[in-house]
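Worksheet: the structure to be examined is printed underneath.
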Amino acid sequence: DIKLKAMKIVQTLISLKDKYDITKIRIGFEPATDDDSCLVEIGKEEVDLEKVVGQILS
1 DIKLKAMKIV
11 QTLISLKDKY
21 DITKIRIGFE
31 PATDDDSCLV
41 EIGKEEVDLE
51 KVVGQILS
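full-length UniProt numbering applies: residue 1 is where the sequence shown begins, and numbers increase by one.
So this is what it looks like as structure tokens:
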């Protein structure tokens, strides 16, 4: 199931972000650094995994 795989990837990225004190993660099309190709930005705030995965898969 694609949603489950995307959820696992996001959880892994959040774990790495916390472990290595990364300030933010941007997920999107290449390059995700451009605002028009960025789908999701994960920062210091609490993350709603369902919402993030929904934005990625939409």
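The beta carbon of each residue, even a glycine, is placed where N, CA and C say it ideally should be. Computed from a predicted structure; not experimentally measured.
Euclidean distance between Cα positions of residue i and residue j
i	j	result
D35	I25	13 Å
L39	K8	17 Å
T12	Y20	12 Å
G54	I22	23 Å
I14	I56	15 Å
E30	E46	25 Å
For residue i, the nearest candidate out of the options (CA to CA)
i	options	result
residue 59	D18, Q11, S58 and T12	Within the shown structure, residues of the chain are numbered from 1 to 58, placing residue 59 beyond reach of any answer.
Beta-ladder partner(s) of residue i, from DSSP
i	result
E41	R26
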